[in-house]
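Protein chains in written order, with our numbering: chain A, 76 to 190; chain B, 208 to 322.
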């Protein structure tokens with residue numbers, strides 16, 4: 076059973092508009108969340124993270140929001156740029172057993188930003 | 208070379224072959240990981256090494272055999288694989304296995320096809 080779900084396989088937005096990528100999780104023990112970005116033929120690269128003690132973390136054009144009661148997080152990109160076109164993976168850690176290095180990933184969302 | 212490198216980038220092998228995947232990190236990290244990404248599935252953690260000691264074996268079949276001769280190199284030895292083992296195999300490294308999830312840096316992956 077998937078503990079981290081990205082229910083939208085793909086998302087298409089216009090350049091300059093906001094991109095919102097969503098992620099849901101089921102394990103209430105998760106306490107740290109990350110977003111990775113992946114271009115074709117490259118490995119995932121870390122983008123932004125958030126601890127469960129916060130509800131928002133911002134880094135330039137990227138903001139991650141965490142709603143613990145809903146077990147939901149989202150990544151906002153504004154303004155979106157064509158270079159943002161990639162697959163975005165949501166990941167979580169901190170499940171039972173305290174193995175915080177164990178990341179549980181979603182399946183990813185393909186973002187396409189159209190010029 | 209910088210970051211995390213993986214060789215080969217593509218590999219086609221028969222079910223009776225023996226091959227090895229190589230990963231090298233140039234970041235001075237102490238922890239290294241193997242992940243598997245099958246089509247339409249999330250990244251799955253296979254093995255974790257910290258300071259050359261294996262700390263995680265995530266119920267991986269014995270036809271996959273990892274080796275970590277030093278903190279910069281990680282190998283995945285493959286033998287008598289099955290067609291369902293065809294996937295993208297990603298290597299990653301992080302500074303340590305910390306209290307919170309250290310950022311993991313990924314290599315570009317090896318695309319493995321088992322005939």
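Ideal placement from N, C-alpha and C gives every residue a C-beta, glycine not left out.
Computed from a predicted structure; not experimentally measured.
For residue i, name the three-state secondary structure that DSSP assigns.
| i | result |
| --- | --- |
| residue 276(B) | strand |
| residue 159(A) | helix |
| residue 117(A) | coil |
| residue 292(B) | helix |
| residue 211(B) | strand |
| residue 220(B) | strand |
| residue 178(A) | coil |
| residue 299(B) | strand |
| residue 83(A) | coil |
Label residue i either buried or exposed according to how many other C-beta atoms from any shown protein chain fall within 10 Å of its C-beta, with 16 as the threshold for buried.
| i | result |
| --- | --- |
| residue 114(A) | exposed |
| residue 262(B) | exposed |
| residue 255(B) | buried |
| residue 228(B) | buried |
| residue 246(B) | exposed |
| residue 129(A) | exposed |
| residue 217(B) | exposed |
| residue 160(A) | buried |
| residue 179(A) | buried |
Measuring alpha carbon to alpha carbon, tell me which of the options ends up nearest residue i.
| i | options | result |
| --- | --- | --- |
| residue 318(B) | 296(B), 261(B), 250(B) and 310(B) | 296(B) |
| residue 219(B) | 265(B), 293(B) and 301(B) | 293(B) |
| residue 175(A) | 101(A), 105(A) and 158(A) | 105(A) |
| residue 310(B) | 122(A), 138(A), 145(A) and 85(A) | 122(A) |
| residue 224(B) | 270(B), 314(B) and 264(B) | 270(B) |
| residue 164(A) | 153(A), 144(A) and 96(A) | 96(A) |
| residue 88(A) | 153(A), 166(A) and 142(A) | 153(A) |
| residue 266(B) | 298(B), 253(B), 273(B) and 237(B) | 253(B) |
| residue 275(B) | 290(B), 284(B), 259(B) and 213(B) | 259(B) |
| residue 92(A) | 117(A), 107(A) and 156(A) | 156(A) |
| residue 184(A) | 150(A), 178(A) and 141(A) | 150(A) |
| residue 242(B) | 251(B), 234(B) and 235(B) | 251(B) |
| residue 79(A) | 90(A), 94(A) and 108(A) | 108(A) |
| residue 249(B) | 162(A), 190(A), 169(A) and 189(A) | 162(A) |
What residues from chain A crowd round residue i, counting only those whose CB sits closer than 9 Å?
| i | result |
| --- | --- |
| residue 313(B) | 111, 113, 117, 118, 119, 120 and 121 |
| residue 297(B) | 118 and 119 |
Going along chain B, which residues have a C-beta under 9 Å from residue i?
| i | result |
| --- | --- |
| residue 100(A) | Going along chain B, no residue has its Cβ under 9 Å from residue 100(A), so there is no contact; the nearest lies around 12 Å. |
Using a C-beta to C-beta distance shorter than 7 Å, which residues of chain B count as neighbours of residue i?
| i | result |
| --- | --- |
| residue 181(A) | 249 |
Residue i touches chain A at which residues, Cβ-Cβ below 8 Å?
| i | result |
| --- | --- |
| residue 301(B) | 176 |
| residue 211(B) | 118 |
| residue 258(B) | By Cβ distance, chain A contributes nothing, its closest Cβ being about 13 Å from residue 258(B), past 8 Å. |
Using a cut-off of 7 Å between C-beta atoms, extract the partners of residue i located in chain A.
| i | result |
| --- | --- |
| residue 316(B) | 118 |
| residue 310(B) | 121 |
Closest Cβ-Cβ distance between residue i and chain E: below 8 Å?
| i | result |
| --- | --- |
| residue 140(A) | Among the protein chains in the structure shown, which are A and B, there is no chain E. |
Using a Cβ-Cβ cut-off of less than 9 Å, list which residues of the stretch 223-255 of chain B approach chain A; keep chain order.
238, 240, 242, 244, 247, 248, 249, 250, 251, 252 and 255
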